[in-house]
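J.: Got a structure here, written out as structure tokens. Questions coming.
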Amino acid sequence: MTSLRNIIVHYAPQTNSVRSCRVKWGGASRRITGISVFLLFVFAAHENGFFQNLWGLSEAQGVALNILFIAGVLWITELVPLFVTSFIIIGLQVVWLLPLINKTGKVVESQAFLSPFFSNIILLFLGGFVLSATLHKYD
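Each number in our numbering comes from the position in the sequence shown (counting from 1) with 19 added on.
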């Protein structure tokens, strides 16, 4: 005896939802390998001064361009969640870019990189999101 569920699954037309149209990348190991190769290229290009020689950029500008490339790859591939990507960008700016800017003679503190992410308006938005998520969960 066939159940109603088997009949519906057997005769139901396929829907073109977003999940069924999603592009398959191959697997996590292939994606991680591709991203690792790209990141090695970015770091090798920085060490050889590729961007500095190609476009006449200073070392700090080349590092900022490398951080932009890293951020773009991490956002597009979503290898890590997007909020983790934003923290990685902040960390790279403070650890990799800040010493190069200070080496040029301009005194810049880490607050210059951190303050846009923790301004009063951003914290107000975050508080509103937390309250709405709480109300949605317990409503």
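Built from N, CA and C at the ideal position, the CB exists for glycine as well.
This one's a predicted model, so the numbers in the text were calculated from it and none came from an experiment.
(1) Using CA atoms only, rank isn't needed, just tell me which of Asp158, Phe69, Gly53 and Pro118 is closest to Leu98.
(2) Please say whether Gln112 and Phe132 have beta carbons closer to each other than 7 Å?
(3) Would you kindly report the start and end of the unbroken alpha helix (DSSP H) that includes Trp115?
(4) Starting from Glu97, follow the alpha helix (DSSP H) in both directions and report where the run begins and ends.
(5) Quick check on Leu101: buried or exposed, where buried means 16 or more other Cβ atoms within 10 Å of its Cβ?
(6) Is it a yes or a no for the region 109-127 touching the region 138-149, going by three-plus beta-carbon pairs under 8 Å?
(7) For Ala16, does the count of other Cβ atoms within 10 angstroms reach 16, so buried, or fall short, so exposed?
(8) According to the neighbour-count rule (16 or more other Cβ atoms, all chains shown, within 10 Å of its Cβ), is Asn121 buried or exposed?
(9) Taking the CB atoms as reference points, tell me whether Glu78 and Leu119 lie closer together than 7 Å.
(10) Under the three-state reduction of DSSP, which class applies to Ser48: helix, strand or coil?
(11) Cβ of Phe70 within 7 Å of Cβ of Gly81?
T.: Put simply:
(1) Walking along the sequence shown from the start, residue 98 turns up at place 79. When each option's Cα is compared against that of Leu98, the closest is Gly53.
(2) As a position in the sequence shown, residue 132 is number 113, starting the count at 1. As a position in the sequence shown, residue 112 is number 93, starting the count at 1. Yes, they are a contact pair.
(3) In the sequence shown, counting from the first residue as 1, residue 115 sits at position 96. Run containing Trp115: none; DSSP gives neither H nor E here.
(4) Against the sequence shown, residue 97 aligns to sequence position 78. Looking at the DSSP string, Glu97 is not in any alpha helix (DSSP H), and its letter there is neither H nor E.
(5) The sequence position of residue 101 within the sequence shown is 82, counting from 1. Flag for Leu101 reads exposed.
(6) Cβ pair count under 8 Å is below three, so no.
(7) Examination of residue 16 is not possible in this model, given that the chain is present from 20 through 158 alone.
(8) As a first step, residue 121 must be located in the sequence shown, where it is residue number 102. Answer is exposed; the Cβ neighbour count stays below 16.
(9) To locate residue 78, count along the sequence shown from 1; it is residue 59. To locate residue 119, count along the sequence shown from 1; it is residue 100. Yes, they are a contact pair.
(10) Here the question's residue 48 lines up with position 29 in the sequence shown. Secondary structure of Ser48 (DSSP, three-state): helix.
(11) The residue you call residue 70 lines up with position 51 of the sequence shown. The residue you call residue 81 lines up with position 62 of the sequence shown. In this structure, Gly81 lies closer than 7 Å to Phe70 by Cβ.
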